[in-house]
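Engineer: What follows is a single structure, and I will ask about it in a moment.
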Amino acid sequence: MTLQIEEQILEELRDAEQFAKTRKRLLLEKKKEMEIFREGLSSIEKETLSQFRSYQPLDSDLAAASSLSNNLEDHLRFGDEAIKDDLELGKGTKISDELDLSELQPKKVDWDLKRDIENDMAILNKRTEKAICYILMKKYNSQKNTES
Numbered sequence: 000m001t002l003q004i005e006e007q008i009l010e011e012l013r014d015a016e017q018f019a020k021t022r023k024r025l026l027l028e029k030k031k032e033m034e035i036f037r038e039g040l041s042s043i044e045k046e047t048l049s050q051f052r053s054y055q056p057l058d059s060d061l062a063a064a065s066s067l068s069n070n071l072e073d074h075l076r077f078g079d080e081a082i083k084d085d086l087e088l089g090k091g092t093k094i095s096d097e098l099d100l101s102e103l104q105p106k107k108v109d110w111d112l113k114r115d116i117e118n119d120m121a122i123l124n125k126r127t128e129k130a131i132c133y134i135l136m137k138k139y140n141s142q143k144n145t146e147s
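Under numbering that gives the first Met the number 0, residue 147 is the last one in the sequence shown; the count climbs by one each step, no gaps.
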């Protein structure tokens, strides 16, 4: 019995080693793909890829790239310039005075509520009609009994 257990353990170890080898091979392939991808990028795109927020990289190349790209003031200046450009573009456009306000009117407030309760109202209408018929039949029967 112990021989079977030992063989089973050895087989599991072989499977684990094989799995580790295939995983290592796949990771190396992904690393090569990423290197090829990074070679095709421009310098600005590379800087945006190597931003580290709360991680201090051990590689000196990555540390230099992250210190350059993580400068907060540079990001803020770039944001200010982008906002100024957008504002300048917006100044040139004029709003037309010929807007038809009836086209801008929203739908009635309760249009979706009416649609939602339509089925419930149909059921309630059937019930009220049945109740009215029942009351009329009861009155008719009571009048018929009093006459006879």
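Don't be surprised by glycine CBs; every beta carbon is placed ideally from N, CA and C.
Quick check on DSSP: helix, strand or coil for L40?
Structural biologist: L40 falls in the coil class under three-state DSSP.
Engineer: With DSSP as the reference, label S147 as helix, strand or coil.
Structural biologist: Coil, per DSSP.
Engineer: Check L26 in the structure and name its three-state DSSP category.
Structural biologist: If DSSP states are grouped into helix, strand and coil, L26 belongs with the helices.
Engineer: For I4, does the three-state DSSP call read helix, strand or coil?
Structural biologist: If DSSP states are grouped into helix, strand and coil, I4 belongs with the helices.
Engineer: May I ask you to report which of helix, strand or coil DSSP gives L9?
Structural biologist: Helix, per DSSP.
Engineer: Have a look at K138 and N118 and give me their C-alpha separation to the nearest angstrom.
Structural biologist: Answer to the nearest angstrom: the Cα atoms are 31 Å apart.
Engineer: Which of helix, strand or coil does DSSP assign to D115?
Structural biologist: D115 falls in the helix class under three-state DSSP.
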